[in-house]
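Colleague: One line per chain: the protein sequences are G and Z, in this order. For the first sequence, my numbering begins at 1 and goes up steadily by one. For the second sequence, my numbering begins at 1001 and goes up steadily by one. A virtual CB, placed ideally from N, CA and C, is assigned to each residue, including glycine. Here it is: the structure, laid out below.
Protein chains: 2
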Amino acid sequence: MAHTLDTVFQALADPTRRRILTLLLEDDMAVTDVAEPFEMSLAAISKHLGVLTRAGLIQQERHGRVVWCKLDPDALREASVWMQGFGQFEPVNLEAFELFLERELSGNTSTEDAKNT
Amino acid sequence: MAHTLDTVFQALADPTRRRILTLLLEDDMAVTDVAEPFEMSLAAISKHLGVLTRAGLIQQERHGRVVWCKLDPDALREASVWMQGFGQFEPVNLEAFELFLERELSGNTSTEDAKNT
DNA sequence: CCCAAATTCAACCGATTGGTTGACCATTCC
DNA sequence: GGAATGGTCAACCAATCGGTTGAATTTGGG
Chain G
1 MAHTLDTVFQ ALADPTRRRI LTLLLEDDMA VTDVAEPFEM SLAAISKHLG VLTRAGLIQQ
61 ERHGRVVWCK LDPDALREAS VWMQGFGQFE PVNLEAFELF LERELSGNTS TEDAKNT
Chain Z
1001 MAHTLDTVFQ ALADPTRRRI LTLLLEDDMA VTDVAEPFEM SLAAISKHLG VLTRAGLIQQ
1061 ERHGRVVWCK LDPDALREAS VWMQGFGQFE PVNLEAFELF LERELSGNTS TEDAKNT
């Protein structure tokens, strides 16, 4: 359970898998149809789909001998929340940078004994 | 752009690196200070910082013999934009993010504890 | 000048990744 | 029933990953 951020980001780190996601964005598809535009084996695509499923980014559902894949943005949303937080804190970080510069200019040895000439 | 989505997501896929980012969220730090809360070698942290730098998520600046690391959310924003394409998830709320941070900082990824003797 | 500190480099290790191929289940259809 | 279709499994491969240790490099200080 609980697809972690590790698995989500790991899943997103591969261009093939991201392309699969964009495919599924348009429509739900069977595994063979997902594989069609790619130049690799069906087994490889099947593996990629497994990674995406385990990451919680898609859902797979067997109907007869066809396995349907559909997007499930839950995990994506989770990761998105995590990422957006860093954008929010940007001004804070900028302040910290100024602090750092000040420290450097004054030759303070608070963190290190970094004394400039 | 040097940092592709591949490298950004790959960088984010490791819990140690995400924890480093949350550290740098608070303040800019020297490499040794970044490494301090972790239970792995300095060289390992140095490698992680290299990955983050190459992904464009942080910037490193040498001052004397100290290398300062500061957050650079540009690449993060880039990836975030990509994810936004996947749907109209609910607007990101900061509360959820802070909850997430809390969970990560206190609960930790269980890869390591025993920070203090 | 020499030592200590800060950081990286280099070689190495086991585990994982992304891909292949061929065999193997299921299911559908004639 | 038997063959074709849809998909996964298993073994294998080279490449990368995340970590280690030890040596090297650069800088600062007495």
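Counting only Cβ pairs nearer than 7 Å, list the residues of chain G close to A1079 (chain Z).
Modeller: For the purposes of this step, residue 1079 (chain Z) is taken as residue 79 along the second sequence, with counting starting at 1. By Cβ distance, chain G contributes M83.
Colleague: Counting only Cβ pairs nearer than 9 Å, list the residues of chain G close to R1018 (chain Z).
Modeller: The residue you call residue 1018 (chain Z) lines up with position 18 of the second sequence. Correct list: L5, D6, F9, W82.
Colleague: Can you tell which of Z:E1026, Z:L1076, Z:L1042 has the C-alpha that lies nearest to the C-alpha of T1032 (chain Z)?
Modeller: The sequence position of residue 1032 (chain Z) within the second sequence is 32, counting from 1. Minimum Cα distance to T1032 (chain Z) is reached at Z:L1042.
Colleague: State the Cα-Cα distance for the pair A55 (chain G) and R1018 (chain Z), rounded to the nearest angstrom.
Modeller: On the first sequence, residue 55 (chain G) is found 55 positions in, with the first residue counted as 1. On the second sequence, residue 1018 (chain Z) is found 18 positions in, with the first residue counted as 1. Rounded to the nearest angstrom, the two C-alpha atoms are 17 Å apart.
Colleague: What's the C-alpha gap between V1081 (chain Z) and L1005 (chain Z)?
Modeller: Your numbering for residue 1081 (chain Z) matches position 81 in the second sequence. Your numbering for residue 1005 (chain Z) matches position 5 in the second sequence. In a straight line, the C-alpha of V1081 (chain Z) is about 11 Å away from that of L1005 (chain Z).
Colleague: Under three-state DSSP, which class holds E1078 (chain Z)?
Modeller: Counting from one through the second sequence, the residue named residue 1078 (chain Z) turns up at place 78. Here E1078 (chain Z) sits in helix by DSSP.
Colleague: Cα separation between D28 (chain G) and I45 (chain G)?
Modeller: Translated into the one-based positions of the first sequence, residue 28 (chain G) becomes position 28. Translated into the one-based positions of the first sequence, residue 45 (chain G) becomes position 45. Taking the straight line from one Cα to the other gives about 15 Å.
Colleague: For a contact defined as C-beta to C-beta under 7 Å, what are the partners of P1015 (chain Z) on chain G?
Modeller: Mapped onto the second sequence, residue 1015 (chain Z) falls at position 15. Chain G residues near P1015 (chain Z): D6.
Colleague: Which two residues bound the contiguous alpha helix (DSSP H) that contains E26 (chain G)?
Modeller: Translated into the one-based positions of the first sequence, residue 26 (chain G) becomes position 26. 15-26 is the span of the alpha helix (DSSP H), which, as asked, contains E26 (chain G).
Colleague: Assuming V1034 (chain Z) and I1020 (chain Z) are in contact, meaning their beta carbons sit under 8 Å apart, how far apart are those beta carbons, in whole angstroms?
Modeller: The count along the second sequence starts at 1 and reaches residue 1034 (chain Z) at position 34. The count along the second sequence starts at 1 and reaches residue 1020 (chain Z) at position 20. Yes, they are in contact, since the Cβ atoms of V1034 (chain Z) and I1020 (chain Z) sit about 6 Å apart, within 8 Å.
Colleague: One question on the structure: do M83 (chain G) and A1030 (chain Z) come within less than 8 Å of each other, judged by their Cβ atoms?
Modeller: Looking up residue 83 (chain G) in the first sequence gives position 83. Looking up residue 1030 (chain Z) in the second sequence gives position 30. For M83 (chain G) and A1030 (chain Z), no; Cβs fall outside 8 Å.
Colleague: Report the residues of the stretch 1023-1053 of chain Z with a CB closer than 7 Å to any CB of chain G, ordered along the chain.
Modeller: Per Cβ criterion, the list reads L1025, D1027, D1028, A1030, D1033.
Colleague: Hey, how far is the Cα of K1115 (chain Z) from the Cα of I1058 (chain Z)?
Modeller: Mapped onto the second sequence, residue 1115 (chain Z) falls at position 115. Mapped onto the second sequence, residue 1058 (chain Z) falls at position 58. Confidence in K1115 (chain Z) is poor, its pLDDT being 33 and thus under 50, which makes the residue's placement too unreliable to answer from.
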